[in-house]
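In terms of my numbering, the sequence shown has 647 at position 647, counting the first letter as 1, and numbering is strictly consecutive. The structure under discussion appears below in the form of C-alpha cells.
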Amino acid sequence: KPRRDDDDESLLLKSVLENKIFFFGTAVMPSQISYAKVAQSEEGGTISEQSNESPSWMPLVKRPAIWIGALILALGIGVLLTNGSHNAVLAEEALDEPTSALRGISPSNNVEPKILYSASETSMLDAALQENAELRQRIAHLESSKTPLAGVDDASFSALFEENNRLRAALAEKSSSTTNQVSFDIGSYRAQALAATPPNIIECAQAGEGGSQEACHLPRNKRYEALDQKGITLWMTGLSGSGKSTIARALEEELVLKYGKHVQQLDGDNVRTGLNRDLGFSQADRAESVRRVGEMACLFNNGGTITLVTLVSPYRADRDEARKRHEDQGLKFLEVFLDVPLNVVQDRDPKGLYAKVAAGEIKGFTGVDAPYEPPLSPEVSLPNQQMTVDECVAVLMDALRRQGVLSGGPADASGLPLPPGFTGNWLEEELILTGSMVNQRRQEALRLTGRARLNDIDLNWLHVISEGWAAPIRGFLREGPLLQALHFNSLVVDPFNVSGARDLIYTGTDWNDYETRGRTRTSLSVPIVLPITKHTKDIIEAGQNKGEDAVALYDKDGRILGLLKNPEIYVNRKEEIVTRCFGAIDPGHPYIAHIYSGGDWLLGGEIEIFERITYNDGLDQWRLSPKQLYAQFISKKADVVFAFQTRNPTHAGHAYLMRTGRERLLAKGYKNPILWLSPLGGWTKSDDVPLDVRVKQHQAILDEKMLDPDWTVMGIWPAPMVYAGPTEVQFHALSRRAAGASYFVVGRDAAGIKSSQVAVWNPDDDMYDANHARYVLQMSPVLEDLEMKLLSFDKFFYDKSDHQMKAMDPSRPDDFISISGSKMRALARQGAVPCTDPIPSDLLAANCVPQGFMVPSGWAIVCDYYQHIDEAGRYIPWSKPVVQPLYDASQTMPHGQYGTNDFALFFTHQGRQVSPWHDIPLEDTTTSSSYRRTFNFVTEIPMYTSAKMEVAKDRWFNPIMQDTLKNGEPRYYLYGVPFFNYGMLPQTWEDPQIKDALGFGGDDDPLDLVEIGDDPLPMGSITSIVVLGSIELIDEGETDHKILAIRSTDPRASYSYESYTDIEKHFPGKIALLVDWMKRYKTAEGKGENELANNDEPVSATQALAIIDECHQRWQALVSGQAKASPEFWLGSLH
C-alpha cells in the first residue's frame, strides 16, 4: 500500500507495530486503565512490567464518545495484529526503501524480498480504516456539540467486543492456513547488502610523508606525534556482571586524570542511545552492533584515541571480524577477556538481571539461555574474581606499555614534570617508613649481624636517595648500575617492565646476562656509592651466612637509620671511578681525596629508613623534599619552574640572571614561572661559604624584595658537592627535575674547581673549561625527553650609570665594572660601606660596595662572616646532624655541642663535681666477692658510636671529651660500626716507665676496657662488670691493654673464663671480630696495622685481673707523687 503519513490511523498502527505493544487483546474498561512498559537489557531478552500510574490522558477516556471511537479503532487494529503478513507490510512502510546504489544491488540482480498479502486482507484493512475515520469524525462532532450518544449502553459495548473477538478469531484461523506469505528478514537483507562492494564509495587514502594534505587523512604517525599519543582498541568481552564497564571506567580515569591521555569508551549504553538504537537482540542485530562499534573503534583508534569497547559481543566470529578490520588498517587491537564464571556473575548480579532470568521474566539471556562464546586466545585475560579493580587496571596499563601506546609515568594536571621513573608514588612514600612498620623494621635491624657505618657525606647521599632526588634509584648503586653511570652517565630504566628490565638496577649484578634490553635511559652521572672496610664486609658476609638478607645502617653518632636490603659487595675501584667521573687525576682535589680515603669495598642495595633525615641545625625549615617542593610550586599556581643553584651569597648579578630567566620564560608563553632558589646543602670544600650564611643571606634578599617572594621558593638541595664540572652538572639538572623544575639556570664553569698543586696536569688552574659544563648539559640524556631544559647566561657586569647588573653594552664599556668573587670577599672582610656617586674604579681602595650590589641586610650577613671566618664552630659549613649523645643524665652534665671540640661531659656525685678517673672507686664493693670480683666501668664510647671519646687527663675534673685529629677536627672511628661498649677502669694507669718482657712501656692512659654485652651503655654511665680476659695491643711502641668484660647482670657473667676457648664458647665469633678490629681499625685512617701479643689471642681472666691490680698500683703511685706524671695531668682536687 502507498504510505499514508497524513493518516492518523496509519501512524498509530505503525507506532504500535514498531514498539511491539500488545494491549488490545483484553477489554479495557474506564474503571481499570493500565498501560505497558517494555524494558530491554543489553544482554538480551524482554522484560514486561505493569504500572498503575495514570497516564496524562486519563480524563479523556472517561467520555463515552471517546470509548466508542477507541473500540472501533481497536477492532481495526486487532484485525491487523492477528496476521503476520501485515507486519511485513508495516515494516516496509516504516523503512524508507533503500536505493539500489546504496544497497550495492544493481537493478539486474535485485534480490529485494517479495512481501505478499491477499486481496481479502487488503479489503478488510481498507474497510477498517474507512470505518475508523468515519467514526472519529462522528465522535468529534458529537463531542463538540456535547450531544449524548443515543443507544449507547453496556449492551452496545458488549456487542462491539463480541464482534471484535469474532473477527480476530476468523482472521487468526485464516492466517494459520496461509502459505504464500514471506516475513521480512532484516538480518538477511543487511548481510546481503554488506556482502557487495558499494560502487560509489572511494577508499579514503592517507597522505604520504610530506605529501599533500588534500588526501583524506593526515599520516597516522604525524597525528600520533602531534598528539603525543598512539591509538589502540581494547575490546573487553565477558558475561554480564563480569566487570567490563567497572574496570573500563577505572582504566579511563587512570589514563585521563593521571596520564592526560585521550580515551573513549564505547559500551552498550552509549551506543544504544544513538548509533545502535534501531537494533534488537537477535543474532543478526548483535552482529550488526559489533560491526558498527568495531568500525567506530577503528576511527577513534586511527585518530590517536585509546578506545575501550565494553560490549558483551557474545559471538566469536563477530569479534574476530572486528579484529580483522583493525588489522587490515594496521591498527593495534587487544582482546581482553573478563574471565569470570557464570556462577560468580550470578552471585554479583549488579543489575538484578540474573534474578529476573531465574524468575522467568527475561528470556534469551546471554550465558544462560542464549550462547556466549569465550575467546580462544585473548591478549589479556582478567579472572577478576581473584583480583581487585586496581590490579586489573595495572595489568591493562602494563599491556598498553608493552604495545608502545603508553610510555613514561603519570602526568600531573599542573603540567609540571614528575621525577624520572615515576609510577604513581613519590619515592619518599616508599623509602621512608611510617606507622607500625617503623618499629617492626627497627627491631629487625637491631638483631642483624651485618652493620654498616655512614659518615656525614654518606648521610647526605642517604638523604638524596630516600627523598627521591636521584630517582629512580632506590639505594646505593650496585656494581652494574655504577658501571652504567660511569661509562654512560645514565642508567637503563624500565619502571613498568615493558622490556623486562624493571629490576635491572635493583638486583644483584649478573655478569652472564647478555640479553638485549630496552634502551630507555635516565641520566645519572655521579657515583652514589657506599664505601665500606674489610671489617664491615666480613660481618655482613657473616650475617649472610646465617641467612640474613639485609644490613643495618648506622650514622657516626650511633643512631640506627634504616636497612639496606639484598646487599651486594664489590671492589671499590677508586681510580676507575675518579678518572671516569672527573676526567682528571688530582689527589689534592677534595672529593677525589674523599674517594681515595674510603674503604676498599663498596656496598650496594636498596634502602628503607625509619624517619626523614633531619639535621637539627636550625635550617630544617628550608629542607623540603621533592614532594613538598612540588606542592609549593602548585600552591603558587606555577605553570613552569626554573631552578637556580647557589653555592655563594646572592648579589645583584645573580638576581639579574634570575629575573632575566623569568622574563625569557614569559616570552615563551608561560603565564606564571616560579623560581626555585636552590642553595646546595650537602658537603662542600672547607673554603666555601657556610650553608647557614648563604641561607640567611638568601632569605634577606627575599625579605627586601631583590627577588619577589610571590614567584620564588627557597629550598635547600641536600646533595654533596662533587666538583666534577661537566659530569656533575648533569646530575644537578636531573635532581632539580625530580622536584618539578623544567629549566635549570647554568652559568660559566658550573660545578667547576681549580686544580690543586699536585694535579697531574694543569696544576693551580681551572680543571675544566668555563664553557664545557653547559655544552655537555645540553647534549645530556637529561634533556632527551624535553622535560628539562637549560637557561644559559654569559658573564655580567655592574653598570655604574644605573647601578644595575647586566650584560655589557659594547658601545660604552667604561660604564661597566666587574666585581669578582675574590673582590667581594675582600670588601666584606674590610666591612665595606655603600659607595656614593660617582662609583670609584678602585673599590678596595675606597672600601665601598656599589649601590644595589646587594641588599643591606644581606651584605651585613656576608661581612659578619668574613670578619669572623677563623672562628671555628661559629657557622654551619654544610648539612651535618646536630645530635645529643646517649649519656647518663643522672650523674653527668654536658657542656657545649656534641660533635665539636667544645663538648665536655662532666661527672657529679651528690651535687658536687667529681673526676671519673680519680674519684670513682675501681672495685664495685656492693657486688664484689672473693670468688667473683666486680669492677666499676666508666663508658666513654657507647656501642655503635664512632666518636672517639675519652677522659681528658689534662682537663679540670677530667671530663669526657672527643679526641682530635692533627688538623684539630674531631676524631671518629672509620673502620666500621663499633659492636662493643668502650671505656676505662677508674683509678688505673698504664705507666710508660714500666716495661714489659718485650720492652714496651704503658701508653700513659687509664686502663681501657671493652664490654661485649648486647646493648649500648650510656656515655658517662658507671656499670658493674666481670672480667673475661685481656688483649694486649702494641700501639706505636706502647703497651695498650684492652680488658675484656661483661656487665655483671648478664647471665654469662657467672661462668669461669680461664682461656680463649671459654670466651669463644659463650661469645661465639666475638673474639675474632675484636682481634680484627684492634689490629686494623687505624688502617681506615691511613695508618698501619697494630700488633697483638700472645699470638693474637686474649689472655685469661686471671691474668687480666693481675694486669688490673698492677695498673691500680701504678695509679696510686701517680696520684701520690711516687711516679713521674705528665705536668698536664689533672690528678684530682685532693692531689
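Positions of the beta carbon are idealized from the N, C-alpha and C atoms, including for glycine.
By the three-class DSSP mapping on this structure, what secondary structure does GLY562 have? In this structure, GLY562 counts as strand in the three-state DSSP scheme.
Have a look at PRO726, GLU1097, ILE247 and SER407 and flag the residue whose alpha-carbon is nearest the alpha-carbon of ASN384. The shortest Cα separation from ASN384 among PRO726, GLU1097, ILE247 and SER407 belongs to ILE247.
3-residue-minimum beta strand (DSSP E) runs that sit fully inside the segment 601-683, ordered along the chain: List check, beta strand (DSSP E) in window: 601-609, 640-646 and 673-679.
When TYR656, GLU608, PRO673 and ASN616 are compared against PHE633, the one with the closest alpha-carbon: PRO673
What are the boundary residues of the beta strand (DSSP E) that GLY983 is part of? 981-985
If you follow the beta strand (DSSP E) that PHE744 is part of, which residue opens it and which one closes it? Note, PHE744: beta strand (DSSP E), 743-746.
Which one of TYR975, HIS1041, THR1023 and ASP991 has the shortest CA to CA distance from GLY1086? TYR975
Closer than 8 Å is the cut-off here; do at least three beta carbon pairs connect the segment 419-432 with the segment 453-471? Because the criterion of three Cβ pairs below 8 Å is met, the segment 419-432 and the segment 453-471 touch.
Relative to the C-alpha of ARG580, which residue among SER735, GLY747, ALA485 and ASP555 is closest? Considering only alpha carbons, the answer is ALA485.
With a CB to CB cut of under 8 Å and the five nearest residues on each side skipped, what residues in its chain are close to TRP57? Note that TRP57 has pLDDT 43, beneath the 50 cutoff, so the model's placement of it is unreliable and no number is given.
Expressed to the nearest angstrom, what Euclidean distance is found between the alpha-carbon atoms of SER490 and HIS772? Taking the CA atoms as reference points, SER490 sits about 18 Å from HIS772.
Report the residue from LEU905, LEU530 and LEU734 whose alpha carbon sits nearest the alpha carbon of PHE642. Residue LEU734 is the option with its Cα nearest to PHE642.
Based on the DSSP secondary-structure assignment, which residues constitute the bridge partners of THR925? In DSSP, THR925 forms no bridge with anything.
What three-state label does DSSP hand CYS835 in the structure shown? coil
On the DSSP bridge assignment, give the partners of THR964 in chain order. PRO970
Would you tell me roughly how many angstroms separate the C-alpha atoms of ILE994 and ASP1004, rounded to the nearest one? 10 Å
What's the C-alpha gap between GLY294 and ASN439? When rounded, the separation of the alpha-carbon atoms in GLY294 and ASN439 is 55 Å.
Beta-ladder partner(s) of ALA501, from DSSP: Per DSSP, none; premise fails for ALA501.
Given LEU234 as reference, the closest of GLY260, THR939, MET296 and THR273 once Cα atoms are compared: MET296
Under DSSP, the alpha helix (DSSP H) around HIS868 begins and ends at which residues? Counting along the chain, HIS868 falls outside any alpha helix (DSSP H), and DSSP gives it neither H nor E.
Closest by CA to PRO378, which one among CYS298, PHE853, ASN343 and GLY238? GLY238
When you compare each of GLN329, GLU1058 and GLY424 to LYS258 by their alpha carbons, which one comes out closest? GLY424
Euclidean distance between Cα positions of MET893 and ILE920: 16 Å
Return the chain-ordered ranges of every beta strand (DSSP E) run that is complete within the segment 379-462 and spans a minimum of 3 residues. 451-454
As assigned by DSSP and simplified to three states, the class of HIS262: coil
Measuring alpha carbon to alpha carbon, tell me which of ASP278, GLY983 and SER240 ends up nearest ILE941. GLY983
Which same chain residues, not among the five before or five after GLU373, have their C-beta less than 7 Å away from its C-beta? PRO314, TYR315 and ARG316
Decide if the segment 723-730 is in contact with the segment 544-562; the criterion is three or more beta carbon pairs, one per stretch, under 8 Å apart. no
Taking the alpha carbon of LEU965 as the reference point, which residue from LEU1044, TYR973 and SER625 has its own alpha carbon closest? Of the candidates LEU1044, TYR973 and SER625, the one whose C-alpha sits nearest the C-alpha of LEU965 is TYR973.
Please classify THR388 as buried or exposed, where buried requires at least 16 neighbouring CB atoms within 10 angstroms. So THR388 counts as exposed.
Would you say ASN981 and PRO1006 are within 8 Å of each other, going by their C-beta atoms? Contact: no.
Helix or strand or just coil, what does DSSP make of TRP717? strand
Would you mind working out which of TYR630, THR449 and SER525 sits nearest VAL551, comparing C-alpha positions? THR449
Determine contact between the segment 910-926 and the segment 935-952, defined as no fewer than three beta-carbon pairs at a distance below 8 Å. yes
Evaluate SER822 with the Cβ neighbour count: other Cβ atoms within 10 Å of its Cβ, from every protein chain shown; 16 or more gives buried, anything less gives exposed. exposed
Quick check: TYR887 and MET1019, are their CB atoms within less than 8 Å of each other? Yes; because the gap between Cβ atoms is below 8 Å, this pair is in contact.
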